[in-house]
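To keep things clear, I will list the structure first and then write my remarks on it.
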Amino acid sequence: METFPPTNIKIVEYVNTVIGKKVGRGECWDLANEALTYANARWEFPTKFGRPIDYKKEQVLAGDLIQI
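So the sequence shown is numbered by our numbering: it starts at 470 and just counts up by one.
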């Protein structure tokens with residue numbers, strides 16, 4: 470993972486520490502919020518973070534957050 474963006478590495482690192490545990494209120498957003506906070510990511514509340522990825526043209530990496 471050394472070629473991954475630093476924020477992705479921190480997100481994966483955090484998620485690995487909470488596998489099998491309830492995060493925050495247990496809602497799906499709580500995990501993303503806590504991971505972004507742990508990674509010291511810059512983002513605009515409530516859900517403006519990163520940039521859109523065209524999965525047909527770019528590789529989706531571990532630590533990328535998917536919002537639907």
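Heads up, the beta-carbon is just placed ideally off N, CA and C, and yes, glycines get one too.
1) Can you list, in chain order, the residues of its chain whose CB lies under 8 angstroms from that of LEU500, leaving out five sequence neighbours each side?
2) Could you tell me whether the Cβ of VAL529 comes closer than 9 angstroms to any Cβ of chain D?
3) With a threshold of 16 other CB atoms inside 10 Å of the CB of ALA531, please say whether the residue is buried or exposed.
4) Run through the DSSP bridge pairs and tell me what LYS490 is partnered with.
5) Is the beta carbon of LYS526 sitting closer than 9 angstroms to the one on ALA508?
If we stick to the structure as given:
1) VAL484, VAL487, VAL492 and GLY493
2) Among the chains in the structure shown there is no chain D, since it carries only a single protein chain.
3) exposed
4) The partner list for LYS490 (beta bridge, DSSP) is empty, contrary to what the question assumes.
5) no
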